[in-house]
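Residue numbers (the working numbering): 502 to 657. Backbone N, C-alpha and C fix where the C-beta goes; we use that ideal spot for every residue, glycine too. See below for the structure under consideration.
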Amino acid sequence: MRIPGSEVYRAFPELDQFSDAQCREYVHLVRRRRWAWWVLAGLLQIVFALAGMLMLIVAVIVLTHDATNVGGDAVAVVVIVAATLPTGLLVMLTRDFVLRRAIRWQLARVDCHRCRYTLLGMPVVDGSIICPECGFVLELDKYGLTGDDFIAAREE
Ligand SMILES: [Zn+2]
502 MRIPGSEVYR AFPELDQFSD AQCREYVHLV RRRRWAWWVL AGLLQIVFAL
552 AGMLMLIVAV IVLTHDATNV GGDAVAVVVI VAATLPTGLL VMLTRDFVLR
602 RAIRWQLARV DCHRCRYTLL GMPVVDGSII CPECGFVLEL DKYGLTGDDF
652 IAAREE
């Protein structure tokens, strides 16, 4: 199983043809393109982390006020882990979820606008990419795209 946050781009078969270095660069590009999503993800992570801390504080208060101390320290450990683990996972998964959505969004932008064939890795010639499937000429300027959006092959 893939660890959340690591090589998230490998979940996308469209990116299989590219090296890890190219994919990492592509993820940076996606982050720049969707920076507002990152701000939102960061805020969500803070909310989840605060919720986890709150649950931890409540768990500690309840445990320290339990005069009978049923079960002792083992119960305390279980309660504290149960209070914090789900929020810790949520914090990690939020970033992963947002990154996946952002990559998906980016990959949809670089499909042929007529037949949906992916134009990733196609060469840019005179500011355009020609779809090898249907011949559609995608003018990059028109859509605010650059060769980097396509991990475009360098012009010879
Ligand atoms: Zn096409």
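{"Asked": "Cutoff 6 angstroms; reference Cys632; Cβ partners in own chain excluding five residues on either side", "Found": "Cys613 and Tyr618"}
{"Asked": "Beta-ladder partner(s) of Asp612, from DSSP", "Found": "Thr619"}
{"Asked": "Alpha-carbon spacing of Ala522 relative to Ala537, whole angstroms", "Found": "24 angstroms"}
{"Asked": "Local Cβ density within 10 Å of Thr647, reported as buried at 16 or more and exposed below that", "Found": "exposed"}
{"Asked": "Proximal residues to Cys616 (C-beta, below 8 angstroms), its chain only, five neighbours per side dropped", "Found": "Cys632, Glu634, Cys635 and Phe637"}
{"Asked": "Distance, Leu586 Cα to Leu564 Cα", "Found": "18 angstroms"}
{"Asked": "Which of helix, strand or coil DSSP assigns to Ile562", "Found": "helix"}
{"Asked": "Buried or exposed by the 16-neighbour rule on C-beta atoms within 10 Å, applied to Met623", "Found": "buried"}
{"Asked": "Where the alpha helix (DSSP H) containing Leu530 begins and where it ends", "Found": "Asp521 to Arg534"}
{"Asked": "Reference Asp517, options Ala577, Ala575, Phe549 and Leu621, closest by Cα", "Found": "Leu621"}
{"Asked": "Inter-residue Cα distance where the pair is Val559 and Ala577", "Found": "12 angstroms"}
{"Asked": "C-alpha distance - Glu515 paired with Tyr644, whole-angstrom precision", "Found": "21 angstroms"}
{"Asked": "Any non-hydrogen atom of ligand 1 closer than 8 angstroms to Gly636 Cβ", "Found": "yes"}
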